[in-house]
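See below for the structure under consideration.
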Amino acid sequence: MTALAKNYNRRKIAFKRGKGSFLYSTKGEKYLDFVQGIAVNSLGHANPYLIKHMKRQANKVWHVSNSFLIPEGEKLAKRLTQKTFADFVIFQNSGTEATEAAIKVARRYFYSIGKPQKNRILCVKNSFHGRTLAAIFASGSKKMTEGFGPKVDGFDHFEFGNHKSLKKAITNKTAAIMCETVMGESGIKVIPDWCLRELRRICNKKKILLILDEVQCGIGRSGKFLAYEYSGVKPDIVPIAKGIGGGFPIGAVLMSKKVGLSMKPGTHGSTFGGNPLAMSVGNAVLDQIFKKGFLSNVKKNSIYFHKELNKIKNKFPKIIKEVRGIGLLIGLQLFNDQTKFIEKLMAKKLLTIRAGENVIRILPPLTVKKNEIDLAIKIINEVCEKIE
29 MTALAKNYNR RKIAFKRGKG SFLYSTKGEK YLDFVQGIAV NSLGHANPYL
79 IKHMKRQANK VWHVSNSFLI PEGEKLAKRL TQKTFADFVI FQNSGTEATE
129 AAIKVARRYF YSIGKPQKNR ILCVKNSFHG RTLAAIFASG SKKMTEGFGP
179 KVDGFDHFEF GNHKSLKKAI TNKTAAIMCE TVMGESGIKV IPDWCLRELR
229 RICNKKKILL ILDEVQCGIG RSGKFLAYEY SGVKPDIVPI AKGIGGGFPI
279 GAVLMSKKVG LSMKPGTHGS TFGGNPLAMS VGNAVLDQIF KKGFLSNVKK
329 NSIYFHKELN KIKNKFPKII KEVRGIGLLI GLQLFNDQTK FIEKLMAKKL
379 LTIRAGENVI RILPPLTVKK NEIDLAIKII NEVCEKIE
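For the sequence shown, the working numbering begins at 29 and goes up steadily by one.
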């Protein structure tokens, strides 16, 4: 009997090793892994370049306190600011810590300019920003918050796509609007570019901040380094995580100069955030993603994948309702509950994961090969044929 708590509904399978897009079970079976730790293993399993840099750093120093300079973190922060809107970075260990830090930064900014009453964050109802107490109440999901009262105050909500609801919810206490550029857990719903531009316009008009959560959709997964780039907007704060570590726990909050200057010594901290080992891995991930042609190849493969999935949708219109997503953050929305479909895919050695609205999330590594996409298409087609 396991001593682990029952907070996960785990599938009855374990893996002993991985390589690229594949996992090998303890029983010796080979699986095409299109979960990749839920968009975490951006460069696939056991990437040789990451392993080399991790080993090199591990032989030097793993951890020192943030009371001292950490050159590896300075380097990673500089590269992130050079590539994005940001002027400052705070490193964390996870996505939920990054969104918590984003909330703190937004509130601290208004406090620093003499407006402490502006401390409420406006979020999309039934979104996902992590599993800490503040993050679950920011998400506005009854399912996630049930049993975890009292309510963490400071969050208001509007319905996805309802601009009237959004504008009505803004008050003189609103500090920021926070939304996922692509809503992952709630069903791979892409916020349209025109909508992001409108959010930026509203924030400018109301003199509030725009926080775009890129924990799942960032770090190349959309085909751009960060997904908001397609819209041309400049956010004020962006939490990132998952893909930046390629499987190693790294989170960060990116900030413009205006808000970043409000974070003085003592306003935030992390024991492990920004440690030399994590920073070395993060730099190795960026070495690969910033290589010439890497992101254009992600785009190329994703266009092909979406095209082939839409062919299956058109072939089985009673099974697949919609192909969603952007880049290699893909959702297959089914007409019926996705649980059995995911089980059938797994029986054929393709690993996927669920999301809201009967959506199957498909999250290959950014290094996925065309023949691996073809294999996934073949399996999905075969499962549809058996169901129909």
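A virtual CB, placed ideally from N, CA and C, is assigned to each residue, including glycine.
If you check the beta carbons only, do residue i and residue j fall under 7 angstroms apart?
{"i": "GLY123", "j": "GLY384", "result": "no"}
{"i": "GLY301", "j": "PHE119", "result": "yes"}
{"i": "ILE205", "j": "LEU238", "result": "yes"}
{"i": "PRO304", "j": "ILE98", "result": "yes"}
{"i": "LEU104", "j": "GLY271", "result": "no"}
{"i": "SER259", "j": "LEU224", "result": "yes"}
{"i": "LEU362", "j": "ASN386", "result": "yes"}
{"i": "PRO267", "j": "ALA130", "result": "yes"}
{"i": "PHE344", "j": "CYS412", "result": "yes"}
Since residue i contacts residue j with CB under 8 angstroms, what's their CB separation in whole angstroms?
{"i": "GLY400", "j": "LEU60", "result": "Here the sequence assigns Glu to residue 400, which means Gly is not the residue at that position. Confirmed, about 6 angstroms."}
{"i": "LYS262", "j": "LYS201", "result": "LYS262 to LYS201, Cβ: 24 angstroms. No contact."}
{"i": "GLY48", "j": "HIS73", "result": "6 angstroms"}
{"i": "VAL281", "j": "ALA134", "result": "Their Cβ separation, rounded to whole angstroms, is 10 angstroms, which puts VAL281 and ALA134 out of contact at 8 angstroms."}
{"i": "ASN409", "j": "ILE340", "result": "5 angstroms"}
{"i": "LEU373", "j": "ILE415", "result": "No, LEU373 and ILE415 are not in contact; Cβ-Cβ is about 11 angstroms, not under 8 angstroms."}
{"i": "LYS235", "j": "ASP115", "result": "Between ASP115 and LYS235 the Cβ distance is about 19 angstroms, and since that is not below 8 angstroms, they are no contact."}
{"i": "TYR332", "j": "LYS398", "result": "7 angstroms"}
{"i": "LYS132", "j": "HIS334", "result": "That belief does not hold up - the Cβ atoms of LYS132 and HIS334 are roughly 37 angstroms apart, past 8 angstroms."}
Leaving out five residues before and five after residue i in sequence, what residues of the same chain have Cβ atoms less than 6 angstroms from its Cβ?
{"i": "LYS111", "result": "PHE253"}
{"i": "ILE230", "result": "none"}
{"i": "LEU108", "result": "VAL117"}
{"i": "LYS153", "result": "GLY168, HIS185, GLU187"}
{"i": "ASN338", "result": "VAL351"}
{"i": "SER290", "result": "ARG136, TYR137, SER140"}
{"i": "GLN64", "result": "LEU391, PRO393"}
{"i": "ASP264", "result": "LEU237, LEU238, SER284, VAL287"}
{"i": "SER298", "result": "GLN120"}
{"i": "GLY46", "result": "HIS73, ALA74"}
{"i": "ALA86", "result": "none"}
{"i": "CYS207", "result": "VAL152"}
State buried or exposed for residue i, treating a residue as buried only when at least 16 other CB atoms are found within 10 Å of its CB.
{"i": "ASN121", "result": "buried"}
{"i": "GLU213", "result": "buried"}
{"i": "ASN75", "result": "buried"}
{"i": "VAL149", "result": "Checking the sequence shown, residue 149 turns out to be Ile, not Val. Flag for ILE149 reads buried."}
{"i": "ARG84", "result": "exposed"}
{"i": "SER93", "result": "exposed"}
{"i": "PHE96", "result": "exposed"}
{"i": "ALA203", "result": "buried"}
{"i": "LYS217", "result": "buried"}
{"i": "ALA269", "result": "buried"}
{"i": "LEU194", "result": "buried"}
{"i": "LEU32", "result": "exposed"}
{"i": "SER155", "result": "buried"}
Which residues in the same chain have their Cβ closer than 7 angstroms to the Cβ of residue i, if we skip the five residues on either side of it in sequence?
{"i": "ALA255", "result": "THR209, VAL210, GLU242, CYS245, GLY246, ILE354"}
{"i": "PHE62", "result": "LEU378, LEU379, THR380, ILE390, LEU391, PRO392, ALA404"}
{"i": "LEU71", "result": "LEU78, GLY274, VAL313, GLN316, PRO393, LEU394, THR395"}
So, at 8 angstroms on beta carbons, what are the nonlocal neighbours of residue i in its own chain, with the 5 sequence-adjacent residues on each side left out?
{"i": "ALA306", "result": "PHE119, ASN121, GLY273, PHE276, PRO277, ILE278, PHE300"}
{"i": "LEU161", "result": "PHE176, VAL180"}
{"i": "ALA163", "result": "THR124, THR127, GLU128, HIS157"}
{"i": "MET82", "result": "PHE276, LEU305, SER308, VAL309, ALA312"}
{"i": "LYS88", "result": "PRO304"}
{"i": "ASN232", "result": "none"}
{"i": "TRP90", "result": "ASN303, PRO304, LEU305"}
{"i": "PHE113", "result": "LYS262, PRO263, VAL266, LEU282, SER284"}
{"i": "ILE370", "result": "THR380, ILE381, ARG382, ILE388"}
Alpha carbon to alpha carbon, how far is residue i from residue j?
{"i": "ILE358", "j": "THR395", "result": "15 angstroms"}
{"i": "SER330", "j": "ILE388", "result": "16 angstroms"}
{"i": "LYS192", "j": "ALA312", "result": "44 angstroms"}
{"i": "GLY189", "j": "HIS157", "result": "18 angstroms"}
{"i": "ALA42", "j": "SER53", "result": "6 angstroms"}
{"i": "THR166", "j": "ASP184", "result": "Note on residue identity: the sequence assigns Ala, not Thr, to residue 166. Near 8 angstroms, if we compare the C-alpha coordinates of ASP184 and ALA166."}
{"i": "SER250", "j": "GLY182", "result": "31 angstroms"}
{"i": "ASP221", "j": "LYS328", "result": "20 angstroms"}
{"i": "ALA375", "j": "GLU174", "result": "33 angstroms"}
{"i": "PHE322", "j": "PHE50", "result": "20 angstroms"}
{"i": "LEU227", "j": "LYS143", "result": "22 angstroms"}
{"i": "ASN342", "j": "ASN364", "result": "17 angstroms"}
{"i": "ASN69", "j": "LYS80", "result": "16 angstroms"}
{"i": "ARG39", "j": "LYS170", "result": "25 angstroms"}
{"i": "ILE198", "j": "PRO178", "result": "24 angstroms"}
{"i": "VAL326", "j": "ILE219", "result": "20 angstroms"}
{"i": "ASN37", "j": "LYS55", "result": "20 angstroms"}
{"i": "CYS151", "j": "THR367", "result": "28 angstroms"}
{"i": "ASN35", "j": "SER324", "result": "39 angstroms"}
{"i": "LEU356", "j": "THR30", "result": "35 angstroms"}
{"i": "GLY248", "j": "LYS320", "result": "13 angstroms"}
Is any beta-carbon of chain D found at less than 7 angstroms from that of residue i?
{"i": "LEU194", "result": "Judged by its chain identifiers, the structure shown contains no chain D, having just a single protein chain."}
Taking 6 angstroms as the cut-off, is the C-beta of residue i nearer than that to any heavy atom in the ligand ATP?
{"i": "VAL287", "result": "The ligand ATP is absent from the structure shown, which contains no ligand whatsoever."}
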